[in-house]
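Residue numbers (the UniProt record's numbering): 1 to 38. Glycine residues also receive a C-beta, built at the ideal position from the N, C-alpha and C atoms. Working notes, structure below.
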Amino acid sequence: MNNFLRQLLDDFWRFYANSLFLLYHKAIHNGFTLAERK
């Protein structure tokens, strides 16, 4: 049971980190395109 929970948390954090990274990357990309557009 403990192992299962650890695996679940591991997967959750990996997914969470990936989502944050993608959002961050998108925000930077959008910021650059907006700056170029001005």
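Sequence-distant residues of the same chain with beta carbon closer than 6 Å to residue i, five excluded per side
i: isoleucine 28; result: none
Sequence-distant residues of the same chain with beta carbon closer than 7 Å to residue i, five excluded per side
i: tryptophan 13; result: none
Length of the line joining the Cα atoms of residue i and residue j
i: tyrosine 16; j: leucine 9; result: 10 Å
i: phenylalanine 32; j: histidine 25; result: 11 Å
i: asparagine 3; j: leucine 20; result: 26 Å
i: methionine 1; j: glutamine 7; result: 10 Å
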